[in-house]
C-alpha cells in the first residue's frame with residue numbers, strides 16, 4: 001500500500017540489482033504510460049475493454065525489474081497471475097501510523113486546485129490525475145468511493161482487506177511478509193541476493209514524495225501558465241477539452257466568439273468600426289449640405305410641429321451617441337495598446353532601476369521617455385480627439401426654438417389724442433397706431449410678467465408713460481419732438497441676440513441717477529413702486545445726445561402668437577466638418593496601432609506590447625529578464641523605492657503572511673482616490 005515504505009523499497013530493490021523499479025511517481029516522467037494504466041482500470045473495474053494479458057503488462061512494465069506503490073497495487077492479483085515466476089514482498093506497517101501518513105495523501109488527491117489544474121494542464125497533470133482518479137476517486141475503483149470523508153472512514157478497512165487479499169491469491173512460497181525494521185537479512189534471503197555492504201535505506205517517504213510532488217506541481221503550473229498566455233497553440237485533444245471549454249471545438253458556436261478576442265481580430269474590428277463611422281459622417285455631411293443647403297453655417301433638416309422636432313432630435317442624438325460610443329471604444333482599445341510597454345522597453349527600464357505599468361491605463365508610462373515617442377504622440381492624438389468629440393459631437397444636430405423680434409413703442413400718456421401721424425416708416429409701428437382696438441391692456445405688473453422672460457411668440461407692445469405728455473416735447477424720434485411716439489425699439493435683431501429681448505424692461509428700473517442694487521428679474525421689478533425705463537439718443541460719433549426716463553403707467557400688448565409649427569431641427573456644417581476631421585485623425589491613429597501590432601507579430605517580437613499580465617508572464621517565461629533574473633521574492637514597495645533590491649537584499653516580508661490581503665489592495669491608494677474622484681465628478 002502507499003505510505004508503507006514504497007520509496008525505501010524502491011531504493012533497496014535497485015541496490016540489490018532490480019533496476020529500474022517502477023514507483024507511483026514514475027508515470028510523472030512517462031506521461032504516455034498513464035493512458036495504458038487508465039485502459040487497465042477501465043477493463044478491470046468498468047468492464048470496458050478486454051482484460052490485460054501478459055503481453056499488455058509487458059508492454060507497460062517490460063522495461064522494469066520490479067514494481068511498487070500505486071497504481072500497480074490495484075492489480076496485485078493480475079500481476080501475480082501474469083508473472084508466475086515473480087516473487088512478492090508484502091511490506092506491512094502499523095495501521096494507525098500508516099493512516100496518519102495516508103491521510104495527507106488523501107488531502108492532496110482531493111485538493112480542488114489539483115482538479116482545476118487537471119483541466120488547465122491536459123499535457124501532464126491531466127493524464128496523471130485521471131490515472132490516480134481510478135485509484136482514489138472512482139466509486140467502482142480500488143478505493144470504492146469518490147468522497148473524501150468516506151475514504152477517510154474506510155481507509156483502515158481497505159488496508160486490512162488488501163493485505164488479506166494478497167495473502168489469499170499469492171502462493172506462500174512466492175510471498176514474503178516483510179517489515180522495514182527487519183533490514184537486509186530476510187529480504188536478501190528471499191530474493192537469493194547477497195547482502196550489500198551498505199546500511200538498509202531509511203527514507204522519509206512523506207518528505208521524498210512531497211519533494212517529488214512539489215517538482216511535479218511546478219512543472220505543471222508552468223505549462224498551465226503557458227497554455228493560458230500563448231495564443232494559437234494546441235495543448236490537448238479537442239474531445240478532452242470541449243466538455244469544460246466548448247470554445248476549443250471549432251464546430252462549437254462559442255469558438256467563433258472566442259476568436260473575436262484575439263488581438264489581431266480585435267484590431268481589425270476597431271479598424272472596421274472607425275472606417276465605417278468616418279464614411280458615415282462624411283456621407284451625412286455631404287447629404288445634408290446638398291439636400292438642405294447651408295445658410296450662415298447652418299441648415300434646416302426639418303421644420304414643423306414642436307413635438308415632432310423633439311422626437312427627431314431625440315432619435316438623432318441617440319444615433320450620435322451610439323456611433324460616438326463605437327468610435328470612442330475603438331479609440332480607447334488602441335490607446336491601451338499604445339500605452340502598454342514592449343518587452344524591450346521593460347528591459348531598458350529595469351536596467352535603469354525603473355518600472356512600468358502593465359495591464360492598466362497608465363500616465364506613468366507616458367512620462368519621460370519610458371515608451372516610444374511615436375506611440376506617445378499617437379496616444380495623445382487619440383485622447384485629444386476623444387475630448388473634442390465629447391464636447392462638440394452632440395451639438396452637430398440641435399432643435400431650434402423660434403422667437404419673435406417684437407416692437408417696443410414708448411408713447412406719452414395722451415397718445416390717443418395725437419391727431420398727427422407718427423414720424424416713422426416702420427410698418428409694424430404704423431399698424432399699431434391704426435388698430436388700437438386690437439391691443440390688450442396690461443398693468444405694469446402684468447406687463448413685466450409677460451415680457452421679462454424671452455418666450456417665443458411675444459408680439460408688439462406699447463409702453464404708456466405716466467409722467468410724459470406731448471407738451472413736454474420729449475420725443476427722441478427724429479422729425480417731431482412733440483410727437484406722442486417717444487421712442488421705438490426692436491427687442492432683438494436676429495441670431496443669438498434673442499437672449500437680450502427683455503433687456504428693455506431693465507434699462508432703468510431704479511430712480512433716475514441711481515444704481516440698481518439687485519438683479520433685474522421679475523420679482524425685483526414687481527417690487528418697484530415706480531417702474532421706469534430709459535431710452536437714449538446718440539450722436540454718430542458715440543457721444544450721448546439725449547436721454548429719456550419714463551415712468552411706466554401701463555402697457556398695451558398685441559398679445560402672444562403661437563409658434564408651435566415653426567420649430568426646426570438644424571445641423572451645424574462647421575461642427576460636422578470638425579467631427580469628420582477628428583474622425584479621420586482617429587482612423588489614422590488606429591491604423592498605425594494595427595501596423596505596430598502586425599509588425600511585432602511578424603519580425604519584431606521584442607516590440608510587441610505587453611498589454612495584459614498574461615502577455616508579461618508569457619514573455620518572461622520565453623526569455624528571462626537579465627536585471628531581475630536572480631532577485632529574491634520582493635514586494636512592490638521595494639521596487640518603488642529609489643534603491644532596488646539585490647540578490648543579497650533581505651526580504652521585506654521574510655515569511656508568509658498569516659492573514660489574507662484584501663483584494664482592494666491590488667491597486668494603490670492614489671489610483672483608488674483618482675478613480676473614485678472621477679466617478680463622483682462625472
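In UniProt numbering, the protein residues as written are 1 to 682. Ideal Cβ placement from N, Cα and C applies to all residues, glycine included.
Under 8 Å between C-beta atoms of residue i and residue j
{"i": "residue 500", "j": "residue 410", "result": "no"}
{"i": "residue 301", "j": "residue 570", "result": "yes"}
{"i": "residue 554", "j": "residue 396", "result": "no"}
{"i": "residue 407", "j": "residue 460", "result": "yes"}
{"i": "residue 12", "j": "residue 199", "result": "no"}
{"i": "residue 552", "j": "residue 465", "result": "yes"}
{"i": "residue 533", "j": "residue 550", "result": "yes"}
{"i": "residue 361", "j": "residue 404", "result": "no"}
{"i": "residue 190", "j": "residue 180", "result": "no"}
{"i": "residue 135", "j": "residue 74", "result": "yes"}
{"i": "residue 169", "j": "residue 80", "result": "yes"}
{"i": "residue 338", "j": "residue 597", "result": "no"}
{"i": "residue 576", "j": "residue 383", "result": "no"}
Check: residue i C-beta below 7 Å from any heavy atom of the ligand ATP
{"i": "residue 623", "result": "This structure lacks the ligand ATP, and indeed carries no ligand of any kind."}
Where residue i sits in the DSSP three-state scheme
{"i": "residue 549", "result": "strand"}
{"i": "residue 88", "result": "strand"}
{"i": "residue 173", "result": "helix"}
{"i": "residue 441", "result": "strand"}
{"i": "residue 10", "result": "helix"}
{"i": "residue 502", "result": "coil"}
{"i": "residue 203", "result": "coil"}
{"i": "residue 230", "result": "Note that residue 230 scores 45 on pLDDT, short of 50, meaning its location in the model is unreliable and no value can be drawn from it."}
{"i": "residue 623", "result": "coil"}
{"i": "residue 639", "result": "helix"}
{"i": "residue 510", "result": "Low per-residue confidence applies at residue 510: pLDDT is 48, beneath 50, and the placement is therefore not dependable, though the value from the model is reported in the following sentence. DSSP places residue 510 in coil when its eight states are reduced to three."}
{"i": "residue 178", "result": "strand"}
{"i": "residue 198", "result": "coil"}
{"i": "residue 61", "result": "helix"}
{"i": "residue 655", "result": "Only weak support exists for where residue 655 lies, its pLDDT of 49 falling under 50; the coordinates are left without a value."}
{"i": "residue 463", "result": "strand"}
{"i": "residue 672", "result": "helix"}
{"i": "residue 360", "result": "coil"}
{"i": "residue 186", "result": "helix"}
{"i": "residue 283", "result": "helix"}
{"i": "residue 614", "result": "helix"}
When the options are compared against residue i, the one with the closest alpha-carbon
{"i": "residue 322", "options": "273, 199, 181, 481", "result": "273"}
{"i": "residue 64", "options": "485, 442, 10, 372", "result": "10"}
{"i": "residue 608", "options": "155, 264, 77", "result": "264"}
{"i": "residue 467", "options": "415, 506, 69", "result": "415"}
{"i": "residue 31", "options": "127, 461, 379", "result": "127"}
{"i": "residue 588", "options": "440, 327, 488", "result": "327"}
{"i": "residue 184", "options": "108, 618, 581, 15", "result": "15"}
{"i": "residue 451", "options": "314, 480, 504", "result": "504"}
{"i": "residue 78", "options": "40, 91, 97", "result": "40"}
{"i": "residue 449", "options": "148, 663, 487, 506", "result": "506"}
{"i": "residue 304", "options": "24, 402, 488, 598", "result": "402"}
{"i": "residue 71", "options": "133, 383, 192", "result": "133"}
{"i": "residue 174", "options": "83, 143, 290", "result": "83"}
{"i": "residue 140", "options": "85, 178, 47", "result": "47"}
{"i": "residue 483", "options": "474, 490, 491, 489", "result": "474"}
Residues bridged to residue i [DSSP beta-bridge criterion]
{"i": "residue 583", "result": "Answer is none; residue 583 lacks a bridge partner."}
{"i": "residue 398", "result": "570"}
{"i": "residue 295", "result": "298"}
{"i": "residue 21", "result": "66"}
{"i": "residue 458", "result": "560"}
{"i": "residue 342", "result": "609"}
{"i": "residue 533", "result": "550"}
{"i": "residue 555", "result": "442, 463"}
Range covered by the beta strand (DSSP E) that runs through residue i
{"i": "residue 685", "result": "Not covered by the structure: residue 685. The range shown for the chain is 1 to 682."}
{"i": "residue 572", "result": "567-572"}
{"i": "residue 375", "result": "No beta strand (DSSP E) contains residue 375, which is instead part of the alpha helix (DSSP H) from 373-392."}
{"i": "residue 299", "result": "298-304"}
{"i": "residue 407", "result": "407-411"}
Beta carbon proximity, residue i to chain C, threshold 8 Å
{"i": "residue 451", "result": "Absent from the structure: chain C. Only one protein chain is present."}
Extent of the continuous alpha helix (DSSP H) to which residue i belongs
{"i": "residue 468", "result": "Residue 468 -> no alpha helix (DSSP H), and no H or E assigned at all."}
{"i": "residue 95", "result": "95-109"}
{"i": "residue 366", "result": "Residue 366 -> no alpha helix (DSSP H), and no H or E assigned at all."}
{"i": "residue 134", "result": "125-136"}
{"i": "residue 82", "result": "76-82"}
{"i": "residue 37", "result": "32-45"}
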